[in-house]
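Residue numbers (the numbering used here), protein chains in the order written: chain A, 1 to 146; chain B, 1 to 146; chain C, 1 to 410; chain D, 1 to 410. Glycine is no exception: its CB is placed at the ideal position from the N, C-alpha and C atoms. Quick notes on the structure that follows.
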Amino acid sequence: MPGLEDLYREIILDHYKSPRNRGTLEPPAIRTEGHNPLCGDEIEVYIAVDNDIVSDIKISGQGCSISQSSASMMSAAIKGKPVAEVRALIHRFKHMMSIEDVEEPDTSAPLGDLEALQGVVKFPVRIKCAVLAWNTLAEGLDTAAQ
Amino acid sequence: MPGLEDLYREIILDHYKSPRNRGTLEPPAIRTEGHNPLCGDEIEVYIAVDNDIVSDIKISGQGCSISQSSASMMSAAIKGKPVAEVRALIHRFKHMMSIEDVEEPDTSAPLGDLEALQGVVKFPVRIKCAVLAWNTLAEGLDTAAQ
Amino acid sequence: MTIDIDHIRADFPILADTINGKPLVYLDSANSSHKPQSVIDAMSTFMAHQYSPTNRSAYFLAAQATEMYEGARTKVAKFINARHAHEVVFTKNATESLNLVARAWGAANLSTGDAIVLTHMEHHANIVPWQMLAAEKGFTIRWVPLTADGLLDLSHIDQLLDGAKAFSFTSMSNVLGTINPVKELVSLAHRHGAIAIVDGCQSVPHMPTDVQDWDADFLAFSSHKMLGPTGIGMLWGKESLLDAMPPFLGGGNMIADVTLNGFTCAELPAKFEAGTQPIVEAVGLSAAVDYLNAIGMHNVRQHEMEISRYALDTLTQRFGEDIVIHGSKNVEVRGATFSFAFRDVHPHDISQVLDQHNVCVRAGHHCAKPLMRLLGAHATARASFYLYNTTDEVDALCDALTETGEFFTL
Amino acid sequence: MTIDIDHIRADFPILADTINGKPLVYLDSANSSHKPQSVIDAMSTFMAHQYSPTNRSAYFLAAQATEMYEGARTKVAKFINARHAHEVVFTKNATESLNLVARAWGAANLSTGDAIVLTHMEHHANIVPWQMLAAEKGFTIRWVPLTADGLLDLSHIDQLLDGAKAFSFTSMSNVLGTINPVKELVSLAHRHGAIAIVDGCQSVPHMPTDVQDWDADFLAFSSHKMLGPTGIGMLWGKESLLDAMPPFLGGGNMIADVTLNGFTCAELPAKFEAGTQPIVEAVGLSAAVDYLNAIGMHNVRQHEMEISRYALDTLTQRFGEDIVIHGSKNVEVRGATFSFAFRDVHPHDISQVLDQHNVCVRAGHHCAKPLMRLLGAHATARASFYLYNTTDEVDALCDALTETGEFFTL
Ligand SMILES: Cc1ncc(COP(=O)(O)O)c(C=O)c1O
Ligand SMILES: Cc1ncc(COP(=O)(O)O)c(C=O)c1O
Chain A
1 MPGLEDLYRE IILDHYKSPR NRGTLEPPAI RTEGHNPLCG DEIEVYIAVD
51 NDIVSDIKIS GQGCSISQSS ASMMSAAIKG KPVAEVRALI HRFKHMMSIE
101 DVEEPDTSAP LGDLEALQGV VKFPVRIKCA VLAWNTLAEG LDTAAQ
Chain B
1 MPGLEDLYRE IILDHYKSPR NRGTLEPPAI RTEGHNPLCG DEIEVYIAVD
51 NDIVSDIKIS GQGCSISQSS ASMMSAAIKG KPVAEVRALI HRFKHMMSIE
101 DVEEPDTSAP LGDLEALQGV VKFPVRIKCA VLAWNTLAEG LDTAAQ
Chain C
1 MTIDIDHIRA DFPILADTIN GKPLVYLDSA NSSHKPQSVI DAMSTFMAHQ
51 YSPTNRSAYF LAAQATEMYE GARTKVAKFI NARHAHEVVF TKNATESLNL
101 VARAWGAANL STGDAIVLTH MEHHANIVPW QMLAAEKGFT IRWVPLTADG
151 LLDLSHIDQL LDGAKAFSFT SMSNVLGTIN PVKELVSLAH RHGAIAIVDG
201 CQSVPHMPTD VQDWDADFLA FSSHKMLGPT GIGMLWGKES LLDAMPPFLG
251 GGNMIADVTL NGFTCAELPA KFEAGTQPIV EAVGLSAAVD YLNAIGMHNV
301 RQHEMEISRY ALDTLTQRFG EDIVIHGSKN VEVRGATFSF AFRDVHPHDI
351 SQVLDQHNVC VRAGHHCAKP LMRLLGAHAT ARASFYLYNT TDEVDALCDA
401 LTETGEFFTL
Chain D
1 MTIDIDHIRA DFPILADTIN GKPLVYLDSA NSSHKPQSVI DAMSTFMAHQ
51 YSPTNRSAYF LAAQATEMYE GARTKVAKFI NARHAHEVVF TKNATESLNL
101 VARAWGAANL STGDAIVLTH MEHHANIVPW QMLAAEKGFT IRWVPLTADG
151 LLDLSHIDQL LDGAKAFSFT SMSNVLGTIN PVKELVSLAH RHGAIAIVDG
201 CQSVPHMPTD VQDWDADFLA FSSHKMLGPT GIGMLWGKES LLDAMPPFLG
251 GGNMIADVTL NGFTCAELPA KFEAGTQPIV EAVGLSAAVD YLNAIGMHNV
301 RQHEMEISRY ALDTLTQRFG EDIVIHGSKN VEVRGATFSF AFRDVHPHDI
351 SQVLDQHNVC VRAGHHCAKP LMRLLGAHAT ARASFYLYNT TDEVDALCDA
401 LTETGEFFTL
């Protein structure tokens, strides 16, 4: 059985305690909700997309350290990035989480700090926590594209 | 495991091959149907009740040797008997078949030939075959009493 | 100790196992219980040497298996003091049992303008089937509120039950541990002409059950929470109600006859048992009931009251204001199931740190989201105890909680 | 022999048992099959050392059990060549699977004036759920007739399917042994805009299955007929259909959220898996699929064709006009399931005499009363063979039949 230090890297706890980009955005920013039916975690992701760039992002809702820090790190990683790059990163992140059905990603999307979340894979039940924000973001991008 | 001879007594095979009281009765005689959903056996029991006496009985339908011979032996045993005596015999027969919920019967109702069916108890699946005609008769008597 | 705990623990092979060299501290029995060797053996032996389909074929093996299957029914009926064995229907779990009542009794008896009453502490299994039916039939659902202590607030019960057709409630909350006054609730329901449906999942495994004394109309419960296998649940119902109900699932075994134009139903209990039944599981369940009977349900309850008392005392002493235990502190009206909040650590993170010490608790909404909203929590951690748990395991929980606190204040 | 029959028989403990000193000749596998030691062991080991509730709690044991449960799903999906694992829903038996389709798909898609098509050789499990729904919704049921040979008579199939919404049929008759041309039937259904529902109970255990090649819409089958335990069945469905369907049973696990006012559904497959699932049974089923894969379904089919050929030849040679075997005599279009009449001896009596020799056959209507009426029989005796049966057992059947003839002409 892997140890706690595999899961709770320092940077994760840091994002958990001081989450980045907390808050909400007013319309026309897009608001998307996500649930983890297993544990009751809820998240709202707000994104503003201008000229195919995610110009702003805010996160609210609540959840465990893993879902909260993953959301916080995600927001820091994608703010100001082109939508295409964000999509590539979502793909790469889900691949790192060894989600079924996600093929070999384009590794040009750099993971940076997000690599700290790699340890989650050893705790399969927590993968859903780590991925919650990312799935919610992906849904938001789909709405934006419509 | 008990042997075939416990089940198929000679008198049973005799009634199976030469069933007594086969046929039907016209109204106002009472016709009652019975099924054994397990094996598909079907029976019709026709009774004429006059002055609280089962003055006539006919059996039709089809089934295995046990259900057929039990019906035949039943018809021979009850024809011309007072309803009260017939009810006592039904009770006694079901008790012999160790049907759940049937209390100690009045042993004054003589079983006679019917005792040959006692071996059926060792073959629990066949108890339903042996009892089919009797349950159907009991239903017919209830109808007659209304 | 009212029961010989070492002896009992020795009957459960998994309790002797270690993970990473440390023993298992299993505190999730409200979710599902472990199985004694006798249950495992009964199932293995049956599959290896006695297996046969039941209620259909006539050969020796089939007759023997049918007797074992029906024997399980008789045993369960006695365990809850049912009047007749055929009042016990085997289902796949308590959830199916409750769906059966909603669909078969409910669809025939509820329509627009009607009302039923549930409580605010129900499990989703006793909420969603009614909501599904209500969306179709247009009846309303009324909710019994809770007191601050986590008991049913009966101050307006007469108003709530007025004109209601059914009152469906849990005998014990799977979140708060609250034991409801079933007999009193049944009598309230009946006084208003409503039938009383009891979700017995959490109480039947932990204390004596007497459906006749309760005068209840239906009781749903599950094998896997009472030392038996998964894959089998029970619905008990009063004969007259079951007889009057339309069938639930259609297929083999539940019919008397089928033609191209329609079908007629078999008698109880076959009427509600369509298709090949959980035969192996009934044999396992039968062994589980034997096991519980041998110990005695009064003794199980006694043991769990002792554990509860110790847990309440110890957790409060060691963690003071750092811990909030939901529900009543009176062990007379609660079972050994404790939902709690610990500092501001998320329940998922609590359970993760506890897991490092093989302390197994459940973190989440416990399939009771309406209750969670009432508690103002998205999730809680829940430690639940059974006949095989010890006060030492309460200490192990506390030690692991101490470490959780340290870890998350680094 | 295409398979090592001695080796296989050694894997089934019950086949080495004797009753009254004589070996068991089990010819009732179309009813339910026996279990190899590997299935029994998988379940015992799981219960003794790995048991945990799944998909809820987060501790190590729970994560491991969840992986095993979901692993069973993936294995079953591969076994029938499903596109996605989440297209496989676990139920309690094939009967529940068919009720699920009727209730969830049917209730949402069928109304007055609609029609569905069944065949005259269906099992009650594929008749009664539709009759129950038809009584409520007012659609009509049309029936595909049979040829004298016991095959589907497709001469008016276009007329029957005209305007129909669904065509639900068995892949193999449990009475006649007839193997239906599933791929052709699916394509006929689709050409008329009907969905195709396959009752795979009798074919999936006995030959390769490829739902994508068939292009079927739903497939129902049972674990207990394919070497697995009771208490678990399967429904496979096309993702798009399952996604569009309302839920079936309501409760825990199948929801995304529940409030006092209503609920929202979880994603597939949880949406259709309410309550605690047959976890132990999924582990056993997983071992059964492994066992069948190791032997190879083509080899199973090959072996059963050899047995069928031998059985048809031997029964005809030895009993001539005394035996009437229902269904086709062409082993290419039939499985190793033989319903027969023997002189004028009632099937119940045949099975009784056979039982004296431990020859286990089923006597009755085989849950197919409409077909029995068509055959002009109230009951038949049925001998059905599986991968563990031998041609010697065909001889044992014949010897016992000879004695049956002697006994009943005394
Ligand atoms: C063709 C067919 N369909 C459906 C069923 C029902 O399967 P189960 O009893 O496992 O629900 C059976 C078996 O009894 C069958 O043979
Ligand atoms: C109070 C209560 N009701 C219903 C259920 C549902 O039981 P099952 O999951 O066995 O169907 C549970 C357990 O999960 C429960 O605790």
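- With a threshold of 8 Å between beta carbons, D355 (chain C) makes no contact with chain B.
- Judged by DSSP in its simplified three-state form, K58 (chain B) adopts strand.
- In this structure L151 (chain C) is in contact with V333 (chain C), their Cβ atoms being roughly 7 Å apart against a cut-off of 8 Å.
- Check the Cα spacing between K92 (chain C) and each of D:A104, D:T112, D:D213 and D:T230: the tightest is with D:T230.
- Residue-level contact check: I141 (chain C) does not touch chain B, since none of the beta carbons of chain B fall below 8 Å from its beta carbon.
- Three or more beta-carbon pairs separated by less than 8 Å are not found between the segment 48-56 of chain D and the segment 254-263 of chain D, which leaves the two stretches without contact.
- DSSP places H206 (chain D) outside both helix and strand once states are collapsed to three, so it counts as coil.
- When only Cα atoms are considered, N253 (chain C) and F60 (chain C) end up about 20 Å apart.
- Relative to ligand 2, Q202 (chain C) has its C-beta within less than 7 Å of a heavy atom.
- When Cβ-Cβ separations below 8 Å define contact, Q62 (chain A) makes contact with chain C.
- DSSP, reduced to helix, strand and coil, places A377 (chain D) outside both helices and strands of the structure shown, so it counts as coil.
- For C367 (chain D), the CB falls within less than 7 Å of some heavy atom of ligand 1.
- If you look at Y69 (chain C), you'll find it in the alpha helix (DSSP H) that goes F60 to F79.
- Less than 8 Å divides the Cβ of L98 (chain D) from the Cβ of G251 (chain C).
- CA-to-CA, the gap between H123 (chain D) and A135 (chain D) works out to about 19 Å.
- Under the three-state reduction of DSSP, L146 (chain D) is assigned to strand.
- The beta carbon of T170 (chain D) sits no closer than 8 Å to any beta carbon of chain C.
- In the DSSP assignment, V45 (chain B) falls within the beta strand (DSSP E) that extends over D41 to D50.
- At a cut-off of 8 Å between beta carbons, Y291 (chain C) makes no contact with chain D.
- Going by DSSP, H35 (chain A) is part of no alpha helix (DSSP H) but of the beta strand (DSSP E) stretching over I30 to N36.
- Residue state for D217 (chain C) is assigned as coil, using DSSP reduced to three classes.
- Within the same chain, A400 come within 6 Å of H357 (chain D) by CB-CB distance, once the 5 residues on both sides are set aside.
- Proximity of chain D to D6 (chain B) at the Cβ level (cut-off 9 Å) is not reached, the minimal Cβ distance being about 11 Å.
- Between A62 (chain C) and the set B:A130, B:E139, B:F123 and B:L141, the nearest pair of CA atoms involves B:F123.
- Residue-level contact check: V121 (chain B) does not touch chain C, since none of the beta carbons of chain C fall below 8 Å from its beta carbon.
- Secondary structure at L315 (chain C): helix, using DSSP grouped into helix, strand and coil.
- Against chain B, the CB of D257 (chain C) has a partner CB under 8 Å away; the residue lies at that interface.
- Taking 9 Å as the Cβ-Cβ cut-off, the segment 52-63 of chain C approaches chain B at N55, R56, S57, A58, Y59, F60, A62 and A63, given in chain order.
- For T95 (chain C), the distance from the CB to the nearest heavy atom of ligand 2 is below 7 Å.
- Within chain D, no C-beta atom comes less than 9 Å from the C-beta of L137 (chain A); the nearest is roughly 18 Å away.
- Taking the Cβ atoms as the reference, F408 (chain D) lies roughly 7 Å from D349 (chain D), within the contact range of under 8 Å.
- Residue state for D106 (chain B) is assigned as coil, using DSSP reduced to three classes.
- Placement of the Cβ of N174 (chain C) at a distance of less than 7 Å from at least one heavy atom of ligand 2 is found.
- By the neighbour-count definition (other C-beta atoms within 10 Å, threshold 16), N51 (chain A) is an exposed residue.
- For D344 (chain D), no alpha helix (DSSP H) segment is defined, and its DSSP state is neither H nor E.
- In this structure, DSSP gives K271 (chain D) a helical state, which the three-state scheme calls helix.
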